[in-house]
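Mapped onto mature numbering (1 follows the signal peptide of the UniProt record, and there is no 0), the consecutive letters of the sequence shown carry residue numbers -18 to -1, 1 to 1143. To start, the structure itself, in structure tokens.
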Amino acid sequence: MWFFHTLLCVASLAPLAAFNVDVARPWLTAKGGVPFVLSSLLHQDPSTNQTWLLVTSPRTKTTPEPLHRCVLAQDKILCHPVGHVPIPKGKHRGVTVARSHHGVLICIQVLARQPHSLSSELTGTCSLLAPDLRLQAQANFFSLENLLDPDVHVDTGDCYRNKDGSRGEDADTARRRRALERAEEQEEEEEEEEEEEEAGTEIAIVLDGSGSIDPPDFQRAKDFISNMMRNFYEKCFECNFALVQYGTVIQTEFDLRDSQDVMATLSRVQNITQVGNVTKTASAMQHVLDSIFTASRGSRRKASKVMVVLTDGGIFEDPLNLETVISSPKMQGVERFAIGVGKEFKSERPLRELNLIASDPDETHAFKVTDYKALDGLLSKLRHDIVRMEGEGQAFQTRLANLGQVLLGAVGAFDWSGGALLYDTRSRRGRFLNQTAAADAEAAQYSYLGYAVAVLHKACSLSYVAGAPRYKHRGAVFELQEGREAGFLPVLEGEQMGSYFGSELCPVDINMDGTTDLLLVAAPFYHVRGEEGRVYVYRLNEQDGSFSLSRMLSGHPGFSSARFGFAMAAVGDISQDKLTDVAIGAPLEGFAADDGVSFGSVYIYNGHRDGLSASPSQRIRASAVAPGLQYFGMSVAGGFDISGDGLADITVGTLGRAVVFRSRPVVRLNVSMAFTPSALPVGFKSDVNVSLCFAISSESGLRGASLNFTLDVDVGKQRKRLQCSDESACRGHLREWSSGSQLCELLQLNRTEGELHEEDSFSNASIKVSYQLETPEGQRDRPQPILDRYAEAYAIFQLPYEKDCKNKLFCIAELQLATTVSQQKLVVGLTKEVTLNVTLTNSGEDSYMTSMALNYPRNLQFKRMQKPPSPDVQCDHPQPVASVLVMSCKIGHPVLKRSSAHFSVVWQLEENAFPNRTADITVTVTNSNERRSLARQTHTLQFRHGFVAALSKPSVMYVNTGPGLSDHKEFLFHIHGENLFGAEYQLQICVPTKFRGLQIVTVKNLTKTQASTVCTPSQERACGYSPVQHGEEWQSVSCAIASDKENVTVAAEISLDHSKELLKDVTELEILGEIYFNKSLYEGLNAENHRTKITIIFLKEEKHSSLPVIIKGSVGGLLVLIVILVILFKCGFFKRKYQQLNLESIRKAQLNTENLFAEDN
């Protein structure tokens, strides 16, 4: 199957035009009248400047002509058929029209069965009309193979055309024109009876309302019908519905005429009341044939007719026979779909009845679901089968490709892979173009190449592009590659599956220089929540013609199925800034809204020097135009003046109607203000005369408008120095713009009473003028002017004071700044103060209101400032701004003469943790001179955090040695100090374990006192600093510590068995401890205590003989005793002692005798 999109591509089109669209007074074609509009555009005859609205319409008995030309008359549009368009015989499937300054091309698609033909189903006729709409040439495409010629030249133009793109009518052109005239004379007039055009699709829904259906399931059935109708309305612009319910009675809920009002029809579905009782399916279907598909109920004879039957079981108590109804003559041509709900259709009889209700084949027309909840799963399938294949109802969409050449998009060629036909109207031969051999053959199937076609005017040639919205399911844009084997290659690809990227193309010449600047590619089915749509804006590279994505455009975010990008057009310079504007249609925006009577929108995007605006300047909603407009934005066009006001207009197509909008004149005002005197002398006390003028380049459209302006004197000052002598004149002054291009007003300003602030004696007085246009109500004969939305509606002027400088209006100061900082590397906890030395010199003229801003980190606390007696330096208290502190200072206020200022700022460094490693001190000096001075210097400070961590002093341990001896030792490493800022440091303990292959030390256990400390043991070949001995293996323990105190104990077993030879060389071991830390973050304040060691000394065993020692000891003792006795004897010690002892013994004996005697008595 084929269908064509044709491209009428001329070397240049008339400038097309949008922003300030006048929605207050549109023109509309008659509702329900003649013609029924399919699409609309504006056309102008260059020879007479006569402009028409051209509308296409379907072929009916009342309006057989496919093309009408319309003019505006007061508040309505008058249309007349263009009688020179040949009308082919057959069922018309669509009409489309395109224009250029060479003329108008209209194409009519006709459905014709021609098996085994390249264009087996869809063919057509194209007619070329002159600019004044007289017939010039005609081409029929009923035998396409006979027209094909592979040698037809693909004309891409050259660099030597006139600015309008034409070559001028030389001898060759004249011969071609005469050939066209001869072809027109030779065209035979066919006198054939006209057939009525196919009139859309009529869908009758037959709903089972019998008593076997529960009320909740009946509600689900109504919801399914609502969803189905809503779904079909979105895809099918010419679908009409009727609904019949059957049960005890058979009743029409609404017929085909009622479904014109979409929202009212959907509301009726929900208001249906179940009739109940029996199941008369055959009688209900007969009722549709007798009472729905009839002219009296809105049915059209040639409309496609569809019947959808929804039932929950077999026929019950029906007086009519189902087979008789199905075979009746009235049923011929009606396509039937049957939906069976429930388990009953597992039985043979209900299933046979269901298949009989459905048309053949049953696989695509009969459906079964388990319950009513599963109905929504059929929506997509039904829509695909009932609504015709996408694009099948569309007609040629036309442009001209150079004089005499027509490019037709052949979407259905080769199983819908698509292509294009380049047809030469002079030779009446064509050349078929599709994807090149280099393209992906598998991806080419069903890609719909040619769905949209466009011509790009590049620097030295024309470029033909075509959209393929189903290429790789994501869509693509192809560009024609020149040469003998000319074909299309993909140059742009879509990003989302099913978005229909490439279904609409719109080239835009922004600056109107004859070269295409942008290509807009639509993806109207782009989905986020629904089918919102999206438009991609690509910029063409001037050198190589390549594409680069500039931006993406989207419609209003509140609508989920707007189809933004369904139609696009460059509509010329509506904003009157010599740049092309663009209109984009979203015909389904607001479709599901509650009011729903009107839906659809058109967005206006203005051109800018760098491309297209990112946001629309205007959104025109159907509801704001007229009630009952549906699918507003199906087509858009513009660029010519049909309203007669000298400004470009646009037209928008809706379902059955066309709308014409005029544009409003855009006013750009040039505001000027003159003062007398031009500058205020010091001590000025008189009045100031002001001349305020508004000027425009053209007075067109401003007559009758009023200008409302307001003056704000001394803007930004709480204490005003000047005021209007007439306050009412300054607050809302209204002046009518009578004539001329300039409007002026004289005003007077008076000096206010009171003392001025120091800066007010030299600073300018700012005067702001705000303005707006006002137009009288009810003036509809001409468009009302509007201010440019891209220009500010105000102006600010400066009234200066005279200065004591060479130039009385301004002084030029020369400020030089020099700063130094006492130290840039700071240690938190150690550094106490930081000093910034500042020298500011003014070597030029007076500097007014000289100010210094000092930005510094928050961990610096301002302590004092050392400043000179002159010039005066005054500083405010520091204020927090974001992550810094800012101190503002006034230097030499109000006037800093030619001099220097030297001062110092001293900060105290806080002893708190600072999160950053670096911070800046920035000094910025400015003034308030008309020509402002600026001086800035920055110093970067580096911060580290100090901590104190001291290891215990070195110690010594002794270990006895001997066979079979082992000793258990605990090595304690004690850390104490201060860690105020949470510094993280490492304690490494190194224990030598193996010497000469012998395991001497075995680490048994490791303990710590702080839970936050994490210790990790490991075996190392070398460890620690400068050990006394070199062990073969070491046990390394690394502990991460962040506390003030910590005790780490390593328990080890020392075994010296079998190590006699080793002990001859090794007399001690050293257990090493050392503190490490990141020196870029921290500073250890007592580095001498960061190392320690525990020394283990081995005690060796010695053997001795005991007998000689005993003998020598005994002899020595005896000799000593003898010597002592001799000495005592010589001294008489023994004699005196003996006598004394005898006397004591006698006395004791006598006493004892006396005591005994006394006891006896």
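The beta-carbon is built from N, C-alpha and C at its ideal position, and this holds for glycine as well.
| Check | Outcome |
| --- | --- |
| Proximity to proline 851 [Cα-Cα], best of Ser597, Ala931, Ala883 and Arg913 | Ala883 |
| Contact check, alanine 458 vs glutamate 475, beta carbons under 7 angstroms | yes |
| CA-to-CA distance, valine 816 to valine 985, given in whole angstroms | 50 angstroms |
| Burial state of isoleucine 88, where buried means 16 or more other Cβ atoms lie within 10 Å | buried |
| Contact between the stretch 484 to 496 and the stretch 398 to 415 (3+ Cβ pairs under 8 angstroms) | no |
| Any beta strand (DSSP E) of 3 or more consecutive residues that is wholly inside the stretch 556 to 629 | 564 to 568, 583 to 587, 600 to 603 and 617 to 622 |
| Segment limits, alpha helix (DSSP H) that includes glutamate 815 | Counting along the chain, glutamate 815 falls outside any alpha helix (DSSP H), though it belongs to the beta strand (DSSP E) covering 815 to 824. |
| Exposure of histidine 98, with buried meaning 16 or more beta-carbon neighbours within 10 Å | Here the model assigns histidine 98 a pLDDT of 38, short of 50, so the residue's position is not dependable and the matter cannot be decided. |
| Buried or exposed by the 16-neighbour rule on C-beta atoms within 10 Å, applied to glutamate 827 | buried |
| Extent of the continuous alpha helix (DSSP H) to which glutamate 524 belongs | Element bounds for glutamate 524: n/a, residue is neither H nor E. |
| Neighbour-count burial assignment, asparagine 1068, 16 or more Cβ in a 10 Å radius | exposed |
| Bridge partners - histidine 921, DSSP secondary structure assignment | Ile903 |
| Boundaries (first-last residue) of the alpha helix (DSSP H) holding alanine 549 | Alanine 549 -> not in any alpha helix (DSSP H); beta strand (DSSP E) instead, spanning 549 to 552. |
| Pair within 7 angstroms by beta-carbon distance, glutamine 227 and glycine 191 | yes |
| Top-ranked residue by Cα proximity to serine 443, from Ser1018, Gln478 and Thr498 | Thr498 |
| Length-filtered (3 minimum) beta strand (DSSP E) runs lying within the stretch 965 to 996 | 967 to 977 and 983 to 989 |
| Assigned secondary structure, tyrosine 520 (DSSP; H/G/I helix, E/B strand, else coil) | strand |
| Outcome for residue 1169 when other beta-carbon atoms lying within 10 angstroms are tallied against a minimum of 16 | Absent from the structure is residue 1169, since the part of the chain shown begins at -18 and ends at 1143. |
| Contacts around glutamate 374, its chain only, beta-carbon distance under 6 angstroms, and the 5 residues preceding and following it disregarded | Summary for glutamate 374: the model assigns pLDDT 41, below 50, so the residue's position carries little reliability; its value from the coordinates is reported in the next sentence. Counting only Cβ-Cβ distances below 6 angstroms, and skipping sequence neighbours, we find nothing. |
| Per DSSP, cross-strand counterpart(s) of cysteine 675 | Ser654 and Cys726 |
| Cβ contact check for the stretch 533 to 547 and the stretch 580 to 597: 3 or more pairs under 8 angstroms | yes |
| Within 7 angstroms, strictly: CB atoms of lysine 1075 and glutamate 1052 | yes |
| At least 3 beta-carbon pairs within less than 8 angstroms: the stretch 303 to 323 vs the stretch 261 to 271 | yes |
| C-beta atoms of threonine 636 and tyrosine 613 nearer than 7 angstroms | yes |
| Threonine 975 burial status per 10 Å Cβ neighbour count (16 or more: buried) | buried |
| C-beta contact flag for valine 3 and phenylalanine 643 at 7 angstroms | yes |
| Glutamine 919 beta carbon less than 7 angstroms from that of threonine 801 | yes |
| Glycine 496 - DSSP class collapsed to helix/strand/coil | coil |
| Inside the stretch 41 to 70 only - beta strand (DSSP E) runs reaching at least 3 residues | 49 to 55 and 58 to 63 |
| Bridge partners - serine 1000, DSSP secondary structure assignment | Ser1018 |
| Distance between beta carbons of leucine 808 and leucine 923, contact taken as under 8 angstroms | 6 angstroms |
| Nearest-angstrom beta carbon gap, serine 429 and tyrosine 453 [assumed within contact, 8 angstroms] | 4 angstroms |
| Own chain, CB closer than 6 angstroms to alanine 112, minus 5 neighbours either side, in chain order | Gly85 and Gln118 |
| Runs of alpha helix (DSSP H) wholly within the stretch 237 to 320 (minimum 4 residues, chain order) | 244 to 252, 263 to 273 and 304 to 308 |
| Closest residue to leucine 390 among Cys787, Asp696 and Thr107 (Cα-Cα distance) | Thr107 |
| Reduced DSSP secondary structure (H/G/I, E/B, other) of glycine 229 | coil |
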